[in-house]
Amino acid sequence: MKNVNSIISQMTLEEKASLCSGLNFWYLKGIERLKVPSIMVTDGPHGLRKQAGEADHVGLNESVPATCFPTASALAATWNRDLIFEVGKALGQECRQEKVGVILGPGVNIKRSPLCGRNFEYFSEDPYLTGEIAKSHINGVQSQGVGTSMKHYALNNQEHRRMTTDSVVDERAMREIYLAGYEIAVKEAQPWTLMCSYNKINGTYACENKYLMTDILKEEWGHQGLVVTDWGAMNERVDALNAGVELEMPGTPNGNDERIIAAVKSGELDVTVLDRAVERILILIFKADETLSKDFTYDKQAHHELARRAAAEGAVLLKNERQLLPIPANTKIALIGRFAKTPRYQGAGSSLMNPTQLENLHDELVKLVGAENVLYAAGYTEQGAAADDALFQEAIETAGKADVAVICAGLPDMYEAEGLDRAHMQMPSGHNALIQRLAAAHRKVVVVLSNGAPVEMPWVNDVPAILEGYLGGQAGAGALADILTGKINPSGKLAETFPLQFSDTPAQPYPGGPVVVEYRESIYVGYRYYDTVNQDVLFPFGHGLSYTAFEYRDPSVKAEKDSAKITFKVKNTGNRSGKEAAQVYVRDVESTAFRPQKELKGFVKVELQPGEEKEVSIELNRRAFAFYDVTQREWIVEAGDFEILLGASSRDIRLTATIRLDSNQQASFPADRERLAAYYNFPKGVSVSQKDFEALLGKPVPANAPTPKGMYTLNTPISEMGGSFIGRQLFQMMKDQIGKMIKDKEDTPTGAMMAHMVQEMPLRSMLMMGGAFNRAKLEALLTIINRRFFRGLFALIRASMVTKK
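So for the sequence shown, this note's numbering puts the first residue at 328; every next one is plus one.
Pasting the structure below:
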């Protein structure tokens, strides 16, 4: 690699400032005179979205063909580190062919609520599982000399008003739940870049949050890469540099390069801070260029086959009464539902991509069992929003001619997208009604689901078999056909809880806003809540059935001060080969701090032939037993007893052992249990009060109300400025711009997303409008909107004169 420090010493201040923002939407700037190349970055995370033509960051314009692997929700359900590494390696190879230096992923946000519209892009509700899967993904990609951009750091757990809301969270929840996955991946994979989120965290925008970007990420965790903004997330450029955010994307003529130059000259920004940022950017550029300078071609068919294998391991058999699955040979199958021929295989937004090929379940089943054994009926309309009696009748008649009915249902693409949260957990009424009517008419019904996140299942007791396919990518349909016919034994397990209904979930209300999002549930996220309060669920975290059976026995636990080695045996007691994801949970028997009933701290996926038994070992380090002490700002392991719970899910515990750990650490957690009684005895089905949440925070919750007239800022949504003539004009201008972008795409998920997002875009987002505005002009217009007309007018004139110069 070139001598970066030597290059920096030759750079002008203007060149240094320029390097800290992108050239355009997808390229970093180069410096020709110093032989610094420009490299390309582009979207992922489950496939390469390289746009050859007009660029955008929300999936409006088509990209070059690339392998569409299963989305994150499906990949996490594999519980298979090695397989995830393979997928990451394949993604890296596709980047090499297309000369892409960094792929923007993976998404490591915690699934706080099943309603987050982008959950299909995220791994899990559990931070340990999230971190382990992310680590494998990143190591796979970067093994090819291509970088990743782990995102969205941090606490971006809803799409509603994601650019302006303030995530208010207690320190323990932030550390134990929302940062822990990032921590694992940073320490064990060192992603080349990390992407900061749009939102505020406890009052400070992520891009300006020195505590997160420098104190924790760089100094505590030792991140060696750079931090890049999400596209358009920059608020105050100089503050962001001081906080540890090196690169602003995309590159737009917003005046930020000039602000950096002025800040250095005035002393507001130390040039050594700028030099450190430039150093990290140059290291990234030269690392990527070393790979991209060599030609490479990947094997498209091999990657398609890998995508099929990954989709098969990520599919979860939720229910299988009377061993209805697998479907025996020579069985006549009624395949019902439009998804059978028009698969739902990916989500909408910045991850929307153009697959190299696309399978559908109808054709894949025909290949396996013959056309004479597959009957088809559409079952519901395109979006399935309402019951259609004619289609229902056709479906019932078709099922009547078959031995088994396989219904393809789930969530249409309009239900899940970046920029939009789901309004509810329900499937379309047309899908639910179809399942209920067919279940009443036919004894053998299999429901195959295509969705990126949990759904309510009012018909769950009416059907004998349910197969969760998630969004399985371009080869997901073939994987489902393999499982349905028994060619492959399912081994996926849920990486998230499926609640019975949304009202059972702990993050209430959801989504938060309009200004503040209160994380009142603290550490009680997902199964940590459901299992602690003993809340009935539809399917628990870690659940997944097989066509065979597994027995756990002979647990052995060896404690070494504040760590432990767990050994046990797993045996395949059935007549088929299969894979089992064995899980290790830890329960602190008695703790000074409030803690969940159990927490996942280890897992292993083991493949066994019929009758075969293997001994597996899992090491639990001290963090497996620790909680975060807010006062000491340290991870604490208290001396005492811990239960080790070994099982097939969080609610299917097969073996239990108790160990005693020695520790000389003393917690300084508040001894006043009465003050935090709501968290020591967490309520079931009732949201924690603001008073109790503030007791945990140790400070009042900020006001959660829209900005009053006359006090608007660059971060106020433009739609809220309608009381001003200029505000209305700017909002109309933004709507017109978005209208041009989504012309002829209004009825697509991405079009709907953009039409919705314009209502939430802050005024500063107009800086991305191709140079029509710079910051000085926007600030002048804002002054006028805030009823200081003459001051704003003079500022606007000055800004216009500077622009002309």
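Using N, Cα and C, we set each Cβ at its ideal position, and we do this for glycine too.
For P826, three-class secondary structure by DSSP | If DSSP states are grouped into helix, strand and coil, P826 belongs with the strands.
By the 10 Å Cβ neighbour count, where 16 or more other Cβ atoms means buried, how is F1058 classified, buried or exposed?
-> When all chains shown are included, F1058 counts as buried.
Given a threshold of 16 other Cβ atoms within 10 Å of its Cβ, counted over all protein chains shown, does K621 qualify as buried or as exposed?
-> It is exposed - the Cβ of K621 has fewer than 16 other Cβ atoms within 10 Å.
Is the beta carbon of A403 sitting closer than 8 Å to the one on S451?
-> It is a contact, given that the beta carbons lie within the stated cut-off.
S904 and L935 closer than 8 Å at C-beta = Yes.
List the whole-angstrom C-beta distance separating Y854 from F1009, where the pair is believed to meet the contact cut-off of C-beta under 8 Å.
-> At roughly 13 Å, the Cβ-Cβ gap does not stay under 8 Å, so Y854 and F1009 are not in contact.
Given 8 Å, three or more beta-carbon pairs between the region 1103 to 1117 and the region 1033 to 1040 | Yes, the region 1103 to 1117 touches the region 1033 to 1040.
Do you know whose CA, among Y879, V864 and I971, lies nearest S890's CA?
-> The shortest Cα separation from S890 among Y879, V864 and I971 belongs to I971.
Have a look at L609, R636, L776 and E575 and flag the residue whose alpha-carbon is nearest the alpha-carbon of G664.
-> Out of L609, R636, L776 and E575, the CA that lies nearest to the CA of G664 is found in L776.
Please confirm if the region 747 to 758 is in contact with the region 683 to 694, defined as three or more CB-CB distances below 8 Å between the two stretches.
-> Between the region 747 to 758 and the region 683 to 694 there are fewer than three C-beta pairs closer than 8 Å, too few to call the two in contact.
Whose CA, out of T812, E845 and L927, lies closest to the CA of P867?
-> Selection T812, E845 and L927 evaluated against P867 yields L927 as nearest (Cα-Cα).
Taking the CB atoms as reference points, tell me whether V605 and N569 lie closer together than 8 Å.
-> It is not a contact, given that the beta carbons lie outside the stated cut-off.
Local conformation of V772 per DSSP, three classes = When DSSP states are grouped into helix, strand and coil, V772 belongs to the strand group.
Any heavy atom of the ligand ADP within a distance shorter than 7 Å of the CB on D881?
-> Of the ligands one can find in the structure shown there are none, so the ligand ADP has no counterpart to examine.
Evaluate L340 with the Cβ neighbour count: other Cβ atoms within 10 Å of its Cβ, from every protein chain shown; 16 or more gives buried, anything less gives exposed.
-> Exposed is the call here.
What runs of the beta strand (DSSP E), each 3 residues or longer, lie entirely inside the region 727 to 772?
-> Taking only runs of at least 3 residues, the beta strand (DSSP E) segments lying wholly in the region 727 to 772 are 731 to 737.
Beta-bridge pairing of T434 - partner residues as DSSP gives them = Before going further, note that residue 434 is Gly rather than Thr in the sequence given. Residue pairing by DSSP places G434 opposite Y449 and K478 in a beta bridge.
Residues sharing a beta bridge with P1089, DSSP | DSSP lists P1044 as the bridge partner or partners of P1089.
Inter-residue CB distance, E878 and T900 (contact presumed, cutoff 8 Å) | About 5 Å separates the two Cβ atoms, so the contact holds.
Nearest residue (CA-CA) to S390, options E425, Q337 and A637 | Distance check between S390 and each of E425, Q337 and A637 places E425 closest, using alpha-carbon atoms only.
Would you kindly report the start and end of the unbroken beta strand (DSSP E) that includes A984?
-> From DSSP, the beta strand (DSSP E) with A984 extends over D979 to L988.
Taking the Cβ atom as the reference point for each residue, do L596 and V565 lie within a distance shorter than 8 Å?
-> With respect to V565, L596 sits close: the two C-beta atoms are nearer than 8 Å.
Distance CB(A461)-CB(S524) smaller than 8 Å = In this structure, A461 lies away from S524, with their beta-carbon atoms at least 8 Å apart.
Own chain partners of K885 with C-beta closer than 7 Å, once the 5 adjacent residues on each side are dropped | Answer for K885: A891 and K892, listed in chain order.
Excluding the five sequence neighbours on either side, which residues of its own chain have a C-beta within less than 6 Å of the C-beta of E510, listed in chain order?
-> Taken in chain order, the residues that qualify are W548.
Buried or exposed (CB count within 10 angstroms, at least 16 for buried), M1096 | Exposed, since its Cβ has fewer than 16 Cβ neighbours within 10 Å.
Residue interval of the beta strand (DSSP E) (run including M906) = First, the residue type needs correcting, since residue 906 is Lys and not Met in the sequence shown. Element bounds for K906: G905 to D915.
Stretch-stretch touch, CB-based, cutoff 8 Å, three pairs: the region 484 to 503 with the region 1086 to 1093 = Yes, they touch.
Option in S333, F352, G357 and W353 with minimal Cα separation from A344 = Of the residues S333, F352, G357 and W353, the one whose Cα lies closest to the Cα of A344 is G357.
Under the three-state reduction of DSSP, which class applies to P682: helix, strand or coil?
-> Residue state for P682 is assigned as strand, using DSSP reduced to three classes.
Of the residues E515, A516 and L506, which one's Cα is nearest the Cα of L539?
-> Distance check between L539 and each of E515, A516 and L506 places L506 closest, using alpha-carbon atoms only.
Start and end of the beta strand (DSSP E) containing D370?
-> Looking at the DSSP string, the run of the beta strand (DSSP E) that includes D370 is V368 to D370.
Output the distance between the C-alpha atoms of E709 and Q485, rounded to the nearest integer angstrom.
-> Distance between the alpha carbons of E709 and Q485: 27 Å.
From R1002 to L1024, what distance separates their C-alpha atoms?
-> Their backbone Cα atoms lie some 12 Å apart in a straight line.
May I have the straight-line CA-CA distance separating V1013 from D831, to the nearest angstrom?
-> If I take the Cα positions, the gap works out to 9 Å.
T894: first and last residue of the uninterrupted beta strand (DSSP E) it sits in = That run of the beta strand (DSSP E) goes S890 to N899.
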